[in-house]
Amino acid sequence: MRLSRHLTPGRRRRANAVWLLVGAVLLGGAMALGSLAGNTERVTRLWVVAAVAGNGTARVTEVIDYDFGRGLEDKHGIYRDVPGLSDIADVKATVDGRPVPAETEYLSEHETRIRIGDPDRTISGVHRYRIEYPLARVAPGHRLAWNAVGAGWAVALDDIRIQVTAPFALARPRCVSGGTGSRSSASCTVSAPEQGSLVAELPGLRAGQGATLYSADGGRVASRPAQTVPSAAIPRAAGRAHPPLLWMYGTAAALVAMALTAMLLRRAGRSPLHDEGGLEAAGPGATDGKRIRRVDLSRLAASRPRAAAPPEGLDAARAGVLFAGRVLPEHKVALLMHAHERGWLTISQRDAPVLSRKRSEEEASREADAMTRDALKAIFGNRDSLTLDHYDYYFGKAWEGLDTDLREWLETTSGLCDPAGPRRSRPARRAGVAATLTGLASALTGAVLSGHPEHLWRGWAVAGAVVAGAGLALAVRAWEVHTLTPHGARQWLRVAAFRKYLAHPDKPVGDTMSEEDVRRYTGWAVALGEADHWSAAAEASAQRPGHPAVHDHRHLHTSALAASLTSAAATSSTSPPSDSSSGSSSSGSVGGGSGGGGGGSW
1 MRLSRHLTPG
11 RRRRANAVWL
21 LVGAVLLGGA
31 MALGSLAGNT
41 ERVTRLWVVA
51 AVAGNGTARV
61 TEVIDYDFGR
71 GLEDKHGIYR
81 DVPGLSDIAD
91 VKATVDGRPV
101 PAETEYLSEH
111 ETRIRIGDPD
121 RTISGVHRYR
131 IEYPLARVAP
141 GHRLAWNAVG
151 AGWAVALDDI
161 RIQVTAPFAL
171 ARPRCVSGGT
181 GSRSSASCTV
191 SAPEQGSLVA
201 ELPGLRAGQG
211 ATLYSADGGR
221 VASRPAQTVP
231 SAAIPRAAGR
241 AHPPLLWMYG
251 TAAALVAMAL
261 TAMLLRRAGR
271 SPLHDEGGLE
281 AAGPGATDGK
291 RIRRVDLSRL
301 AASRPRAAAP
311 PEGLDAARAG
321 VLFAGRVLPE
331 HKVALLMHAH
341 ERGWLTISQR
351 DAPVLSRKRS
361 EEEASREADA
371 MTRDALKAIF
381 GNRDSLTLDH
391 YDYYFGKAWE
401 GLDTDLREWL
411 ETTSGLCDPA
421 GPRRSRPARR
431 AGVAATLTGL
441 ASALTGAVLS
451 GHPEHLWRGW
461 AVAGAVVAGA
471 GLALAVRAWE
481 VHTLTPHGAR
491 QWLRVAAFRK
501 YLAHPDKPVG
511 DTMSEEDVRR
521 YTGWAVALGE
531 ADHWSAAAEA
541 SAQRPGHPAV
551 HDHRHLHTSA
561 LAASLTSAAA
571 TSSTSPPSDS
581 SSGSSSSGSV
591 GGGSGGGGGG
601 SW
C-alpha cells in the first residue's frame with residue numbers, strides 16, 4: 001500500500017535537497033558547456049614590438065598567445081602572412097619558450113607566409129608563440145606607417161599591445177583600427193611615454209580587422225628607448241579555459257549558496273510556541289501568561305513521546321494538511337474515508353471503488369461539516385453512486401475544489417496558520433525564480449567568456465552560480481516561511497505525536513491496538529503518510545492468536561481500500577489528454593602602412 005512519502009516537513013526537505021543537488025550539478029554542467037562553446041579558436045593576447053632603425057627598417061617581435069580551442073579539426077601550429085617580408089629573411093621562432101624551426105613560404109611578390117609547427121603532431125589548448133623577423137619601409141623618411149596588426153587574421157584577437165621604439169622622435173602619433181580602409185581611432189589608445197617611443201593598446205579586434213600606427217618626424221633623440229616584451233621563456237599563456245574546473249566551482253558555489261539560503265529560510269520559518277506547559281493550554285487564544293519563543297517544530301517533535309489518540313478539534317484530512325503545510329491527494333482521500341467511517345457515504349470495492357450516496361441525505365447534511373457536505377454534493381450531483389474507474393467531470397471539479405477549500409481553511413479560517421505566511425512566501429518564490437534566471441544568465445555569460453585573459457569573467461560566472469543557487473533554494477524552499485500560530489504549533493506537535501503511534505502501533509502505549517482503532521485510524525494513517533506501517537501492523541495484529549481481529553478481516557478490507565481509493569481518485573479527477581495538436585508557424589587608414597597581413601592555424 002505505497003502512498004506518498006513526501007507528507008512530512010522532513011521528507012519534503014529531503015526531497016527538496018535532492019532537487020537542489022540536481023539543479024546545482026546541472027548548473028555546473030551548463031557552465032562547463034558554456035565554457036566549451038565560448039572556447040573558440042582565437043588569439044588571447046598579442047604583443048607586437050617594432051625596433052625601428054635610422055633607415056626606416058625595423059626588427060619586429062610578435063608574442064602571440066594562441067588558443068586552439070576545442071574544435072573537432074586537428075591543428076598543428078600557426079602561420080603568419082607578412083606583406084613585404086622576403087622568403088629568405090632571418091626569421092626566428094619559439095613555442096612556449098623552446099626554439100623551433102620557422103618555415104617561410106613564398107605566396108606572392110608582396111607577401112610571405114611564416115609557418116610554425118610539426119605536420120606529424122597535433123596541438124590543442126593555449127600556447128605562446130614568439131616570432132622575430134625584419135621588415136623594410138616601416139618608417140621611410142622617419143615617418144611611421146606600420147600595419148602593426150594586419151587585417152588578414154582569420155580569428156579574433158584579444159588584449160593587444162603595440163610598441164614602437166626609434167632613434168628619432170615620433171611626432172603627432174595616431175592609431176586607427178577596424179576593417180581595411182577604416183579611419184576609426186575610437187578603440188585604439190596611443191601614448192608617447194618618452195621621446196622615440198609609442199605605445200598603443202586595444203581591447204580586441206574581430207577577425208578581418210587590423211590596426212595601423214602613424215607618426216611624423218619629430219627630429220633625433222639623444223638615445224633609443226628600451227623595449228619591453230614578454231619573455232620567450234615564459235611558457236604560461238593567457239586565456240586558458242578549464243571546463244571541468246568551472247563545472248566544479250559552479251556546482252560548489254551553487255551548493256554553498258543553496259545551503260545558506262535553506263538554513264536562513266528554516267530559521268525564518270520557526271513557529272511561535274509557549275514555554276513548557278503550553279501543549280496543555282486550551283484554545284487558539286490561550287496564553288496562560290507564558291513567554292512565547294520560536295522553535296523548530298520538527299526537531300522539538302523528535303524529542304517528544306508518542307500519543308495513542310489523535311488531537312481534538314481536527315479530523316484526519318485537516319490534520320494532514322496542517323502537518324504537511326499543503327494539500328495533497330492523500331488528505332482528500334482521508335476526507336472521503338472519514339465520511340465513510342461516519343456513515344455519510346459508503347465506499348465499496350468491486351473492480352474499482354464505488355462511492356454511494358447515503359440514503360438519509362438530510363441526516364448526513366446535519367452531521368457533516370460544511371466542507372464535507374459541499375464536497376459530497378459536488379461529487380454526486382443528481383446521482384446516487386459513482387464508480388471511480390474513469391475520468392468524471394463532476395468528481396474532477398469537486399476534487400479540485402477540495403484543494404482550494406482545504407488550503408483556504410489552513411491559511412485563513414483555521415486559526416492555526418499565521419496569515420502573513422502566504423504573503424511572505426509568494427513574493428519570496430517569485431523573487432527566487434527571478435534570481436535563478438538572472439544568476440543563470442550571468443553564470444552562462446561568464447562561462448562563455450571565461451577563456452578570455454581577464455579573470456573577471458570567471459569570477460562573474462561563479463558569482464552568477466551563487467545567485468542562481470540562492471534563487472533556486474528560495475523558490476523551492478519558500479514554503480518554510482509558512483509559520484503557525486502558537487495554537488497551531490501546539491496542534492502540530494499533537495499531530496506529530498499521534499503520527500509516531502501510527503508508525504509503530506505494535507509497541508505498547510496505553511491501550512492495545514483494537515479492531516475499532518484500525519477502522520477509525522486508517523484514514524489518519526493515509527493522511528499522515530504512515531499507511532504502509534499502519535497496514536502492516538493491522539495485518540500482523542489480525543494474525544495474532546487470541547486477538548479479536550483474527551475472526552474479522554474487515555479492517556484489512558479498509559486498509560486495502562485506502563490504496564485503491566487513492567489511485568482511483570487520481571484517475572477520476574485527471575482529464576485525459578487531447579488528441580489534437582497545434583503548430584506554429586596624416587590621413588591614413590587601416591592597411592595603409594608596411595607589414596600587417598594576417599594569421600591563423602593549420
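Residue numbers for the sequence shown follow this note's numbering, beginning at 1 and rising by one.
Note that CB positions come from ideal geometry on N, CA and C, so glycine has one too.
Given the structure is predicted, the values throughout are model-derived calculations rather than measurements.
State buried or exposed for Ala50, treating a residue as buried only when at least 16 other CB atoms are found within 10 Å of its CB. Buried.
Answer yes or no: do Gln209 and Ser177 have a C-beta to C-beta separation smaller than 8 Å? It is a contact, given that the beta carbons lie within the stated cut-off.
What separation, rounded to the nearest whole angstrom, lies between the Cα atoms of Val149 and Ala211? Spanning the two alpha carbons is a distance of roughly 5 Å.
Beta-carbon separation of Ala309 and Phe498 under 8 Å? Yes.
Relative to the alpha-carbon of Ser303, which residue among Leu493, Gly29, Glu109 and Gly69 has its alpha-carbon at the smallest distance? Comparing Cα positions, the closest option is Leu493.
Based on the DSSP output, what are the partners of Arg128 in its beta bridges? According to DSSP, Arg128 bridges with Asp65.
Expressed to the nearest angstrom, what Euclidean distance is found between the alpha-carbon atoms of Ser442 and Ala428? Rounded to the nearest angstrom, the gap between the Cα atoms of Ser442 and Ala428 is 21 Å.
Report yes if the CB atom of Gly471 is closer than 8 Å to the CB atom of Gly439, and no otherwise. With contacts defined by Cβ atoms closer than 8 Å, Gly471 and Gly439 form a contacting pair.
Tell me whether Val18 is buried or exposed, calling it buried when 16 or more other Cβ atoms sit within 10 Å of its Cβ. So Val18 counts as exposed.
For Met371, count neighbouring Cβ atoms within 10 angstroms of its own Cβ and tell me buried if that reaches 16, exposed if not. When all chains shown are included, Met371 counts as buried.
Cα separation between Lys377 and His340? If I take the Cα positions, the gap works out to 14 Å.
Cβ contact check for the stretch 253-266 and the stretch 210-227: 3 or more pairs under 8 Å: Cβ pair count under 8 Å is below three, so no.
Do you know how far the Cα of Gly469 is from the Cα of Val448? Note on geometry: alpha-carbon atoms of Val448 and Gly469 lie some 19 Å from one another.
For Ala503 versus Glu530, is the C-beta distance shorter than 8 Å? In this structure, the beta-carbon distance from Ala503 to Glu530 falls below 8 Å.
Buried or exposed (CB count within 10 angstroms, at least 16 for buried), Val623: No answer is possible for residue 623: it lies beyond the span of the chain, which begins at 1 and ends at 602.
Would DSSP call Asp374 helix, strand or coil? Helix at Asp374.
So what does DSSP say about Arg458, is it helix, strand or coil? Arg458 falls in the helix class under three-state DSSP.
Determine the extent of the alpha helix (DSSP H) in which Val448 is found, giving its start and end residues. For Val448, the uninterrupted alpha helix (DSSP H) segment begins and ends at Ala420 to Val448.
For Asp120, three-class secondary structure by DSSP: Coil, per DSSP.
On the three-state DSSP scale, how would you describe Trp344? If DSSP states are grouped into helix, strand and coil, Trp344 belongs with coil.
Inspect the CB distances between the stretch 329-348 and the stretch 399-407 and report whether three or more fall short of 8 Å. Segments in contact, yes.
Do the stretch 74-87 and the stretch 136-152 touch if we need at least three Cβ pairs shorter than 8 Å? Between the stretch 74-87 and the stretch 136-152, the count of Cβ pairs shorter than 8 Å is three or higher; the stretches touch.
By a C-beta neighbour count over all protein chains shown, 10 Å radius and 16 as the cutoff for buried, is Tyr393 buried or exposed? Under this definition Tyr393 is an exposed residue.
In its own chain, which residues sit with a C-beta less than 6 Å from the C-beta of Met258, not counting the 5 before and 5 after it? Same-chain partners within the cutoff: Leu20, Gly469 and Ala473.
Leu33 to Thr483 span [Cα, whole Å]: If I take the Cα positions, the gap works out to 41 Å.
Please state whether the Cβ-Cβ distance between His338 and Gly523 is less than 8 Å. Taking the C-beta atoms as reference points, Gly523 is found nearer than 8 Å to His338.
In the DSSP assignment, the alpha helix (DSSP H) including Arg267 goes from what residue to what residue? Under the DSSP assignment, Arg267 falls in the alpha helix (DSSP H) whose first and last residues are Pro243 to Ala268.
Can you tell me where the beta strand (DSSP E) holding Glu408 begins and where it ends? For Glu408, no beta strand (DSSP E) run applies; the uninterrupted alpha helix (DSSP H) run containing it begins and ends at Tyr393 to Glu408, by DSSP.
When burial is assigned at 16 or more other CB atoms within 10 Å of the CB, is Glu408 buried or exposed? Exposed, since its Cβ has fewer than 16 Cβ neighbours within 10 Å.
So, does the stretch 194-203 touch the stretch 161-178, judging by three or more C-beta pairs under 8 Å? Yes: the two stretches touch, three or more of their Cβ pairs being nearer than 8 Å.
Closest by C-alpha distance to Gly179, when choosing among Val354, Asn147 and Val190: The shortest C-alpha separation from Gly179 is found at Asn147.
Kindly indicate which three-state DSSP category Gln491 falls into: helix, strand or coil? The answer is helix: DSSP assigns Gln491 an H, G or I state.
On the CB-based measure, 16 or more other CB atoms within 10 Å of its CB, does Met31 come out buried or exposed? Met31 comes out buried.
Using DSSP with H/G/I as helix, E/B as strand and the rest coil, what is Ser612? For residue 612 there is no data in the structure shown, the boundaries of the chain being 1 and 602.
Within 8 Å, strictly: CB atoms of Gly10 and Ser298: Yes, the pair counts as a contact, with Cβ atoms nearer than the cut-off.
How many Å lie between Thr61 and Glu132 at the Cα? When rounded, the distance between both Cα atoms is 4 Å.
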